[in-house]
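Converting from the sequence shown to this note's numbering requires adding 349 to each position, the first position being numbered 1.
Glycine included, every Cβ here is placed at the ideal spot set by N, Cα and C.
Everything numeric in this text was worked out from a predicted model, so none of it was measured.
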Amino acid sequence: MTLKIVVVEDDELLRQLLIQHLVKLGYEADGLSRWESVLSYLDKYEPALIITDARLPDANSLEHIESIATNYPVIVLTAFGSVRDAVNAIKAGAVDYILKPVSLDTLSLTVERALDNAALRKDHLFCKRQLEQSNQRSSLVGNSEALAKVRQLIEAVAPNDITVLIQGESGSGKELVARAIHAQSHRKNHNFVAIDCCTLQENLFESELFGHEKGAFTGADKQKKGLIEGAEGGTLFLDEIGEINSSGQAKLLRVLETGQYRRLGSTKDLNANVRIVAATNRDLETMSSEGGFRSDLFFRLNAFNIVMPPLRNRRDDIPELAKHFLTNHNFSTRVNKNLSSSAIRLLISYDWPGNIRELKNVIERAIILSGERQSIKPEHFAFTRTLGKSDGVVSLSFDHDPSLEELEASYLSYQLKKYSGRRAKVAQVMGISERSIYRMIKRYSLDDIKYKTN
Numbered sequence: 350m351t352l353k354i355v356v357v358e359d360d361e362l363l364r365q366l367l368i369q370h371l372v373k374l375g376y377e378a379d380g381l382s383r384w385e386s387v388l389s390y391l392d393k394y395e396p397a398l399i400i401t402d403a404r405l406p407d408a409n410s411l412e413h414i415e416s417i418a419t420n421y422p423v424i425v426l427t428a429f430g431s432v433r434d435a436v437n438a439i440k441a442g443a444v445d446y447i448l449k450p451v452s453l454d455t456l457s458l459t460v461e462r463a464l465d466n467a468a469l470r471k472d473h474l475f476c477k478r479q480l481e482q483s484n485q486r487s488s489l490v491g492n493s494e495a496l497a498k499v500r501q502l503i504e505a506v507a508p509n510d511i512t513v514l515i516q517g518e519s520g521s522g523k524e525l526v527a528r529a530i531h532a533q534s535h536r537k538n539h540n541f542v543a544i545d546c547c548t549l550q551e552n553l554f555e556s557e558l559f560g561h562e563k564g565a566f567t568g569a570d571k572q573k574k575g576l577i578e579g580a581e582g583g584t585l586f587l588d589e590i591g592e593i594n595s596s597g598q599a600k601l602l603r604v605l606e607t608g609q610y611r612r613l614g615s616t617k618d619l620n621a622n623v624r625i626v627a628a629t630n631r632d633l634e635t636m637s638s639e640g641g642f643r644s645d646l647f648f649r650l651n652a653f654n655i656v657m658p659p660l661r662n663r664r665d666d667i668p669e670l671a672k673h674f675l676t677n678h679n680f681s682t683r684v685n686k687n688l689s690s691s692a693i694r695l696l697i698s699y700d701w702p703g704n705i706r707e708l709k710n711v712i713e714r715a716i717i718l719s720g721e722r723q724s725i726k727p728e729h730f731a732f733t734r735t736l737g738k739s740d741g742v743v744s745l746s747f748d749h750d751p752s753l754e755e756l757e758a759s760y761l762s763y764q765l766k767k768y769s770g771r772r773a774k775v776a777q778v779m780g781i782s783e784r785s786i787y788r789m790i791k792r793y794s795l796d797d798i799k800y801k802t803n
């Protein structure tokens, strides 16, 4: 892909000279004459390098370099003898400077060096991100008042072995709370074992939790240790505890009351050296009063209660969470992505019925849909649920959980329709080359002719 360089220079003759030389070197080059044009330009394009005069008619560039230097390498053009401007430019974040009158040989070497260093920096950030991700431990992200209260409860209960019940909507981060309790407890050097009670058939819950002896039931051809033994000395996390049947409830109650259990098919009691943390998105108190859940088990589990607030009640945490998911994902992209201010505003305004899990999915899909663009914008968000009318929102509807290929094909079809089949415009919006758009059209058997208007 041809690298794009933008030259910001009010002297038209010099600007054209620099652009022609850069094109001759094999780059794509654009020219601007005023600083106010730079910000609108960066909303549409993502240049590999910015070359700007230190002083422009409408602004002192040195005062604005810091705001863009974190995302784009900047070379400053400064008048001969203006050493102070050169020093200030480097302090503000510029990667280099060139003295006027500009030597084209110096320009060539400086541009090449700046682009090489930018590529190395991008690779370094990618490797650093991958290393951080591989070493990352589950943690609660955010500094809202609501989350601060949850942290206080975690710190209070973690040192004790008391049973904890975590309540909250699906996707709100209940398991993260459980892991935080474990990480701050004296059991932190032992296993944290999680079991999703929703995913197990009724007859498998007890076998998974307690284990079984050989011959305990058809197909039990050897002894199997249960999850309680697997969590020996550590923490057993029972997610969606409200889904277990009455038989499982009775046996779990026995574990909590006596600290002992038996494998299926055995008469021998075993000691349960585990701390039990349970979670639910259901109202267990109402269920127990109506006979849908054992009241004695509920009171045992509810010895210490933590309520995880839904994401809509901690909107201050959304930008930080979104940036966290941008940094920690499983895609092999070397593009160091960021969120535009309009994208952040949209994320904050949405109510997130699926909570943190939904936010994570939206960010990961945006990483894919933004292609090679560095900045993620509102049009890269593909919400699979009904949204209110918001500028820049893309709503893609499926009657199933779509694959990434289906998502990409649907998004491409949407953009082709929106821009009447104009491949160049769609390529610009999606941040990829027009050739890539052509290949995607062929791959997904889309007919861009039908989108064209007369």
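Contact under 8 Å by Cβ, residue i with residue j
i	j	result
Ala397	Ile439	no
Asp445	Ala463	yes
Gly597	Phe642	no
Arg536	Gly583	yes
Phe730	Leu765	no
Leu587	Cys546	yes
Tyr394	Leu381	no
Ala408	Ala443	no
Leu426	Ala441	no
Val506	Phe653	yes
Gln572	Glu562	yes
Ile725	Ser689	yes
Whole-number beta carbon distance between residue j and residue i, since they are thought to touch under 8 Å
i	j	result
Ala627	Leu650	5 Å
Glu705	Leu675	Reading the sequence as shown, one finds Ile at residue 705 and not Glu. Incorrect: roughly 14 Å between the Cβ atoms, too far for contact.
Leu453	His370	5 Å
Ser534	Arg624	7 Å
Val778	Glu713	Between Glu713 and Val778 the Cβ distance is about 20 Å, and since that is not below 8 Å, they are no contact.
Val513	Ile693	The pair is not a contact, with the Cβ atoms about 34 Å apart (cut-off 8 Å).
Residue i - containing beta strand (DSSP E), residue span
i	result
Ala628	Arg624 to Thr629
Ile577	Unbroken run through Ile577 is the alpha helix (DSSP H), Leu576 to Gly579; no beta strand (DSSP E).
Glu377	Glu377 to Leu381
Leu587	Thr584 to Asp588
Ala543	Phe541 to Asp545
Asp392	Not the beta strand (DSSP E): Asp392 falls in the alpha helix (DSSP H), residues Glu385 to Lys393.
Leu371	From DSSP, Leu371 is part of no beta strand (DSSP E) but of the alpha helix (DSSP H) over Glu361 to Lys373.
Thr635	Not the beta strand (DSSP E): Thr635 falls in the alpha helix (DSSP H), residues Leu633 to Ser638.
Lys353	Lys353 to Val357
Ile424	Val423 to Ala428
C-alpha gap between residue i and residue j, whole angstroms
i	j	result
Leu576	Glu557	6 Å
Met636	Ala671	35 Å
Thr629	Glu721	40 Å
Val451	Glu412	22 Å
Ala529	Glu377	50 Å
Ser416	Ile447	21 Å
Asp796	Arg772	12 Å
Lys611	Ala527	The residue you asked about is not Lys; residue 611 is Arg in the sequence shown. Looking at the two C-alpha atoms, the distance is approximately 25 Å.
Ala495	Ile503	13 Å
Gly579	Asp618	16 Å
Leu761	Thr351	23 Å
Ala467	Asp666	31 Å
Glu358	Leu469	28 Å
Lys767	Ile790	15 Å
Val775	Ser595	57 Å
Leu405	Ser691	28 Å
Ile593	Gly560	16 Å
Ser633	Pro658	What sits at residue 633 in the sequence shown is Leu, not Ser. Answer to the nearest angstrom: the Cα atoms are 17 Å apart.
Gly564	Ser519	38 Å
Outcome for residue i when other beta-carbon atoms lying within 10 angstroms are tallied against a minimum of 16
i	result
Thr401	buried
Ile511	exposed
Glu754	exposed
Gly608	exposed
Phe566	exposed
Asp645	exposed
Gln482	Only weak support is given to the placement of Gln482: the predicted model assigns it a pLDDT of 44, under 50, and the value that follows is read from those uncertain coordinates. Classification for Gln482: exposed.
Arg784	exposed
Ser521	buried
Ser719	buried
Lys686	buried
Asn437	buried
Gly491	buried
Endpoints, alpha helix (DSSP H) assigned at residue i
i	result
Phe674	Ile667 to Thr676
Val444	Where Val444 is concerned, there is no enclosing alpha helix (DSSP H), given that its DSSP letter is neither H nor E.
Leu795	It is not in any alpha helix (DSSP H) - Leu795 carries neither H nor E in the DSSP assignment.
Asn710	Asn704 to Leu718
Asp645	Ser644 to Leu650
Leu411	Unbroken run through Leu411: none, as it is neither H nor E.
Val499	Glu494 to Val506
Thr512	From DSSP, Thr512 is part of no alpha helix (DSSP H); its letter is neither H nor E.
Leu601	Ser595 to Thr607
Ile693	Ser690 to Ser698
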